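Visitor:
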Amino acid sequence: MNVKTLIIRIKSNNDLRSNGLLAFSSTVVTVVIGIVSTPILAFLLPRPEFGTLAFINSLTGILASISLPGVLSSIAYSVARGYEGVFEVGTWKRLRYSYIMSIVLIPVAAWYYWIENNQQLGYLIILAIILSPISTSFDTGEQLLVGRSDFRTLFFRRIAVALAITLFGLAAAFYSP
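First residue of the sequence shown? That's 102 in my numbering, and the numbers climb one at a time after it.
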């Protein structure tokens with residue numbers, strides 16, 4: 102298919118245009134929320150604590166990237182074909198596998214706790230081991246909405262999640278000693 106045919110199909114398909122616009126705009130809004138909130142968070146937190154937060158986010162990002170990322174696509178494709186039961190099965194499999202993969206971070210937490218004598222970072226990594234699989238596993242709801250082609254709900258869900266994460270993080274940073 103060439104570009105001209107693709108442009109003609111997009112122009113003639115109103116659903117594709119509106120759904121694509123909703124998905125794109127929700128991504129843009131969540132990126133803007135992140136760009137605006139990061140300097141505020143950096144201002145509220147002392148430099149070492151902000152670095153610790155960035156380090157923990159990196160660790161949890163690595164953990165999320167190796168925790169069955171293909172499940173998300175399979176949920177979207179299966180739900181689009183009418184197999185909505187895959188959503189629940191995929192979510193629980195991803196949760197179980199995420200906990201198995203989070204075991205990799207236990208030696209990292211132990212290293213910082215006992216060798217580096219940084220108990221705060223050790224505790225934060227343990228907290229990430231417990232909470233990260235939950236947050237990465239239950240984000241499969243977005244793929245359920247993609248499979249159902251419910252992009253309007255997806256738009257509001259993405260923005261609500263980004264705002265909630267930002268507001269809770271900023272509130273915690275603001276009220277921390």
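Glycine residues also receive a C-beta, built at the ideal position from the N, C-alpha and C atoms. Nothing here was measured: the structure is a model prediction, and the numbers come from that model.
Which whole-angstrom value is the C-beta distance of Phe256 and Ser138, which I expect to be below 8 angstroms?
Guide: Rounded, the Cβ-Cβ distance is 19 angstroms, inconsistent with contact.
Visitor: Taking 8 angstroms as the cut-off, does the region 232 to 250 touch the region 160 to 169 (at least 3 CB pairs, one atom from each stretch)?
Guide: Yes: at least three Cβ pairs fall under 8 angstroms.
Visitor: Nearest CA to the CA of Gly191: which residue from Thr241, Val104, Ser113, Arg249?
Guide: The shortest Cα separation from Gly191 among Thr241, Val104, Ser113, Arg249 belongs to Thr241.
Visitor: Relative to the alpha-carbon of Tyr200, which residue among Glu189, Ala165, Asp251 has its alpha-carbon at the smallest distance?
Guide: Ranking the options by Cα distance to Tyr200, first place goes to Ala165.
Visitor: Under a three-way DSSP split, which group does Pro170 fall into?
Guide: Correct three-state label for Pro170: coil.
Visitor: When burial is assigned at 16 or more other CB atoms within 10 Å of the CB, is Gln244 buried or exposed?
Guide: With 16 or more other Cβ atoms within 10 Å, it is buried.
Visitor: Give, in chain order, every unbroken run of the alpha helix (DSSP H) that is at least 4 residues long and sits entirely within the region 135 to 171.
Guide: Qualifying alpha helix (DSSP H) stretches, in chain order: 148 to 166.
Visitor: Between which two residues does the alpha helix (DSSP H) carrying Gly248 extend?
Guide: Gly248 -> alpha helix (DSSP H) spans 242 to 248.
Visitor: Does the separation of the CB atoms of Leu271 and Leu145 fall below 8 angstroms?
Guide: A contact, by the Cβ cut-off of 8 angstroms.
Visitor: Are the CB atoms of Val172 and Lys194 nearer to each other than 8 angstroms?
Guide: Their beta carbons are under 8 angstroms apart, which means Val172 touches Lys194 by this criterion.
Visitor: In the structure shown, what three-state DSSP assignment does Asp116 receive?
Guide: Looking at Asp116 - three-state DSSP - the assignment turns out to be helix.
Visitor: Are Thr254 and Leu246 touching if we call contact CB-CB under 8 angstroms?
Guide: Cβ distance < 8 angstroms, so Thr254 and Leu246 count as in contact.
Visitor: Quick one, are the C-beta atoms of Thr131 and Ile260 less than 8 angstroms apart?
Guide: Going by C-beta atoms, Thr131 is nearer than 8 angstroms to Ile260.
Visitor: Look up Glu189 in the DSSP assignment and say whether it is helix, strand or coil.
Guide: It is helical.
Visitor: Of all the options Asp251, Pro208, Gly223, which has the alpha carbon lying nearest to the alpha carbon of Thr153?
Guide: It is Gly223 whose Cα lies nearest to the Cα of Thr153.
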